[in-house]
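Chemist:
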Amino acid sequence: MPHLSLPGRVSADRVGVRGDAADTAVSVRRRMLAWLLVVVVLLVGTAASTVAVVAVQRAEQRYAAQLMDRYGDDAARLVTAQVAVFANTVTDLAAAIGAQSDLSALDFAAIVSGLNRQRLPGTSGIAYVVPASDVQAGAVQAAWRQAGVAGLTLTPSPAGAATERLYVVLDRPFDGAASVAGRDLSGVAPLVQALRIARDDAAFTISSAYVLTKDRALPAAQQQTSFTVSMPVHGRAGTADTGRFRGWLVMGVRGGDFINQTLHLQAHGAVHIQLTDASTTPAKVIAAVTAGTRVPDDRLHREHRLTLGQRDWELTLAPTTRLLSVTDRRLALMTGAGGAILTLLLTTLVGVLAGARNRAMTQVDSATAALRLDIRRRQETEQRLREREDELRQLAFHDPLTGLVNRILLHERVEHAMATHARAGHSFAVLFVDLDGFKPVNDTFGHAAGDQLLCQVAQRLTRCVRSSDTVARYGGDEFAILAEHLASPDDALITADRIIAALIPPHDLNGTPVTVSASIGVALGGDHAGTDDILRAADDAMYQAKAAGKGRTALASNPTAGP
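Quick note: the sequence shown uses UniProt numbering, first residue 1, plus one each step.
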């Protein structure tokens with residue numbers, strides 16, 4: 001029998017071969033997709049971990065920056081406050097000495113008896129210095145011996161000027177050192193420069209940094225860079241030499257002791273603080289608080305410029321390892337490690353079961369959404385806190401009815417004006433405005449109408465003054481105005497007349513016209529010693545204007561008719 005071929009079977013085999021090849025191709029594709037998915041997950045996990053680490057590092061950096069800002073502000077405030085204590089102390093002592101017609105050693109001892117290093121950190125002592133030429137030295141020495149300075153011997157400095165020596169005639173050391181009475185300080189250039197500035201400006205002055213004369217005999221390791229604070233002494237009212245320059249009160253301050261006693265507790269070993277005299281070229285370091293190991297991170301360095309006693313100081317702060325440990329820098333490492341472990345787990349799960357990829361991605365999406373929601377809520381909370389802080393600041397310093405400055409902020413601005421205008425030679429004035437006829441309006445139309453009238457008066461007052469002036473509601477129907485940078489005292493009276501004229505037109509209270517006037521008291525800034533004095537003087541002047549017939553202006557106790 002002839003052999004018969006089977007074409008159907010051949011076709012089936014071919015189909016099977018083609019099917020196996022297709023299955024193999026699909027399997028290869030699946031494996032490739034699986035490996036590709038593993039690689040994608042690995043890359044995505046690595047990227048997510050990196051982003052998280054960077055985010056944590058930035059958060060830690062922001063927290064450290066906030067801590068440095070707080071330390072810097074606190075340190076600047078403490079240094080400024082302590083220098084203010086020095087200034088107030090020598091100013092009060094200079095006034096007390098200037099009030100003595102015949103100052104004796106016993107008088108000086110009594111005046112400075114309450115001073116000590118606890119109250120005045122870093123100070124080495126206080127001295128009374130008088131100028132004298134070589135020709136006058138004998139007479140000056142005899143006069144002070146007669147005043148009770150037994151054994152006083154004025155010893156001129158070889159480096160000083162014969163035309164004006166600067167002799168210490170009275171002193172009281174705070175550090176247990178020997179008296180330096182009789183020493184000539186005219187050879188100490190930084191001190192001489194400061195004393196001349198103090199005399200010329202009749203103001204509290206701080207010298208440039210140098211080593212105190214009494215410390216120059218100490219070993220170099222014990223010498224501290226120091227500075228002196230000084231205040232000129234003039235004869236006070238009631239003395240034979242009223243207004244005449246007598247000498248200086250000089251107080252030495254060792255920089256290291258000053259900074260350590262003032263800022264050591266504030267630093268907490270978390271920051272490195274350095275105080276530099278920036279008025280000299282090159283700048284000279286006065287002292288530093290060096291607790292802890294300094295970290296050279298320029299992003300966290302802070303600098304504050306302080307102008308104190310006619311000197312420019314620079315306060316520099318740098319973080320230490322202790323501050324960075326507080327911000328927990330290891331959190332970034334933990335975040336990175338956690339991200340790496342999570343990535344490996346996800347990669348393993350994807351390699352074992354491709355279906356886990358969807359669940360992993362869902363978890364990542366959920367985690368990302370939760371993180372964004374948390375960040376958004378935190379931002380909203382911070383925004384609400386900032387808004388609340390602004391509201392509290394507004395409530396603390398402004399009148400809730402009129403929106404004007406209240407008496408607290410007015411008092412601060414008057415105090416600031418007295419300090420700055422005295423230094424710059426400008427003039428300013430305080431005007432007290434009391435409404436005449438307000439009580440009948442309030443009693444007749446009610447408190448709501450009275451409040452409406454006060455708001456209208458506040459608007460008119462604001463339009464009567466410059467934008468640089470301060471209008472405040474002092475209480476009830478009383479207002480106060482701080483007018484600064486006046487060209488002459490007459491400007492204050494012109495402003496008062498303008499206010500009186502502006503209040504004459506009737507006020508519209510819900511269709512009912514009412515009329516009030518104003519009595520104004522004016523006090524000029526240069527005539528009063530303190531903030532309370534000038535406010536009291538303006539208030540008294542206002543009552544003088546009321547007593548003279550209302551609708552008037554009174555300067556001190558002299559009322560003048562309004563328009």
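From the three backbone atoms N, C-alpha and C, an ideal C-beta is built for every residue, glycine too.
(1) When DSSP builds the beta bridges, which residues end up paired with Lys-284?
(2) Starting from the Cα of Thr-290, find the closest Cα among Val-430, Asp-312 and Pro-319 and give me that residue.
(3) With distance defined between alpha-carbon atoms, name the residue in His-447, Leu-431 and Gly-476 nearest to Val-465.
(4) Given this structure, state the Cα-to-Cα distance separating Ser-104 from Ser-519, to the nearest angstrom.
(5) What would DSSP say about Asp-508, mapped onto helix, strand or coil?
(6) For Gly-528, which three-state DSSP category applies?
(7) Between the Cα of Ala-84 and those of Arg-377, Phe-204 and Tyr-167, spot the shortest distance and give me the residue it belongs to.
(8) Using DSSP with H/G/I as helix, E/B as strand and the rest coil, what is Thr-50?
(9) Under DSSP, the beta strand (DSSP E) around Arg-460 begins and ends at which residues?
(10) Ala-429 and Leu-524: beta carbons closer than 8 Å?
(11) Taking only the alpha-carbon atoms, compute the straight-line gap between Val-295 and Asn-406 and give it to the nearest angstrom.
(12) From which residue to which residue does the beta strand (DSSP E) around Val-250 run?
(13) For His-411, which residues from the same chain have a beta carbon less than 7 Å from its beta carbon, with the 5 sequence-adjacent residues on both sides left out?
(14) Have a look at Leu-191 and Ser-207 and give me their C-alpha separation to the nearest angstrom.
(15) Measure how close the beta-carbons of Val-79 and Met-251 come, nearest whole angstrom, since I'm counting them as under 8 Å.
(16) Helix, strand or coil for Ser-104, going by three-state DSSP, please let me know.
(17) Counting only the same chain and skipping the five closest in sequence on each side, list residues whose C-beta sits under 8 Å from that of Leu-493.
(18) What does Thr-205 pair with, by DSSP beta-bridge criteria?
(19) Please state whether the Cβ-Cβ distance between Met-68 and Leu-275 is less than 8 Å.
(20) Can you name, in chain order, every residue of its own chain whose Cβ lies under 6 Å from the Cβ of Met-231, other than the five neighbours on each side?
(21) Do you know whose CA, among Gly-256, Ala-240, Asp-175 and Arg-236, lies nearest Tyr-210's CA?
(22) Should Leu-42 and Thr-343 be called a contact, given that it needs their Cβ atoms to be closer than 8 Å?
(23) State the start and end residues of the unbroken alpha helix (DSSP H) segment that holds Gly-138.
(24) Have a look at Phe-397 and Ile-408 and give me their C-alpha separation to the nearest angstrom.
(25) For Ala-417, I'd like the list of residues in its chain whose CB is within less than 6 Å of its CB, leaving aside the five on either flank, ordered along the chain.
(26) Under 8 Å, do Val-253 and Thr-123 count as touching if we go by C-beta distance?
(27) According to DSSP, what are the bridge partners of Ala-480?
(28) Measure the alpha-carbon distance for Asp-184 versus Glu-303 and round it to whole angstroms.
Modeler: This is what the structure holds:
(1) Against the sequence shown, residue 284 aligns to sequence position 284. Paired residues: Asp-277.
(2) On the sequence shown, residue 290 is found 290 positions in, with the first residue counted as 1. Nearest C-alpha to Thr-290: Pro-319.
(3) The residue you call residue 465 lines up with position 465 of the sequence shown. Of His-447, Leu-431 and Gly-476, the residue nearest in Cα terms is Leu-431.
(4) In the sequence shown, the residue the question calls residue 104 occupies position 104. In the sequence shown, the residue the question calls residue 519 occupies position 519. Cα to Cα, Ser-104 sits roughly 51 Å from Ser-519.
(5) Taking the first residue of the sequence shown as 1, we reach residue 508 at position 508. Correct three-state label for Asp-508: strand.
(6) Locating residue 528 in the sequence shown gives position 528, where the first residue counts as 1. It is His, not Gly, that sits at residue 528 in the sequence shown. It is coil, neither helix nor strand.
(7) Within the sequence shown, numbered from 1, the residue matching residue 84 stands at position 84. Of the listed residues, the one whose Cα sits closest to Ala-84 is Phe-204.
(8) In the sequence shown, counting from the first residue as 1, residue 50 sits at position 50. Of the three classes helix, strand and coil, the one that applies to Thr-50 here is helix, per DSSP.
(9) In the sequence shown, the residue the question calls residue 460 occupies position 460. Looking at the DSSP string, Arg-460 is not in any beta strand (DSSP E); the run it does join, the alpha helix (DSSP H), is 447-464.
(10) Translated into the one-based positions of the sequence shown, residue 429 becomes position 429. Translated into the one-based positions of the sequence shown, residue 524 becomes position 524. Yes, they are a contact pair.
(11) Within the sequence shown, the letter at position 295 stands for residue 295. Within the sequence shown, the letter at position 406 stands for residue 406. Between Val-295 and Asn-406, the C-alpha separation is close to 45 Å.
(12) The sequence position of residue 250 within the sequence shown is 250, counting from 1. 245-254 is the extent of the beta strand (DSSP E) around Val-250.
(13) By one-based count along the sequence shown, residue 411 stands at place 411. Same-chain partners within the cutoff: Thr-531.
(14) Residue 191 sits at position 191 when you count from the first residue of the sequence shown. Residue 207 sits at position 207 when you count from the first residue of the sequence shown. Approximately 6 Å, taken between the alpha carbons.
(15) Numbered from 1 along the sequence shown, position 79 holds the residue referred to as residue 79. Numbered from 1 along the sequence shown, position 251 holds the residue referred to as residue 251. Contact doesn't hold; Cβ gap of about 16 Å is too wide.
(16) Walking along the sequence shown from the start, residue 104 turns up at place 104. Here Ser-104 sits in coil by DSSP.
(17) Residue 493 sits at position 493 when you count from the first residue of the sequence shown. Val-522, Thr-553, Leu-555 and Thr-560.
(18) As a working note, residue 205 is residue 205 in the sequence shown. Ser-230.
(19) As a first step, residue 68 is located in the sequence shown; it is residue number 68 there, counting from the start. As a first step, residue 275 is located in the sequence shown; it is residue number 275 there, counting from the start. Cβ distance not < 8 Å, so Met-68 and Leu-275 don't count as in contact.
(20) Position 231 of the sequence shown, counted from the start, is the residue given in the question as residue 231. Cβ neighbours of Met-231 beyond the five flanking positions: Val-90, Thr-91, Ala-94, Phe-204 and Leu-249.
(21) Here residue 210 is taken as the residue at index 210 of the sequence shown, counted from 1. It is Gly-256 whose Cα lies nearest to the Cα of Tyr-210.
(22) Within the sequence shown, numbered from 1, the residue matching residue 42 stands at position 42. Within the sequence shown, numbered from 1, the residue matching residue 343 stands at position 343. Yes, the pair counts as a contact, with Cβ atoms nearer than the cut-off.
(23) As a first step, residue 138 is located in the sequence shown; it is residue number 138 there, counting from the start. Start and end: 137-146.
(24) Within the sequence shown, the letter at position 397 stands for residue 397. Within the sequence shown, the letter at position 408 stands for residue 408. Looking at the two C-alpha atoms, the distance is approximately 6 Å.
(25) As a first step, residue 417 is located in the sequence shown; it is residue number 417 there, counting from the start. Cβ neighbours of Ala-417 beyond the five flanking positions: Phe-428 and Glu-484.
(26) The sequence position of residue 253 within the sequence shown is 253, counting from 1. The sequence position of residue 123 within the sequence shown is 123, counting from 1. The answer is yes: Cβ separation under 8 Å.
(27) What you label residue 480 is simply residue 480 of the sequence shown in a count that begins at 1. The partner list for Ala-480 (beta bridge, DSSP) reads Phe-432 and Ala-472.
(28) Locating residue 184 in the sequence shown gives position 184, where the first residue counts as 1. Locating residue 303 in the sequence shown gives position 303, where the first residue counts as 1. Their Cα atoms are separated by approximately 38 Å.
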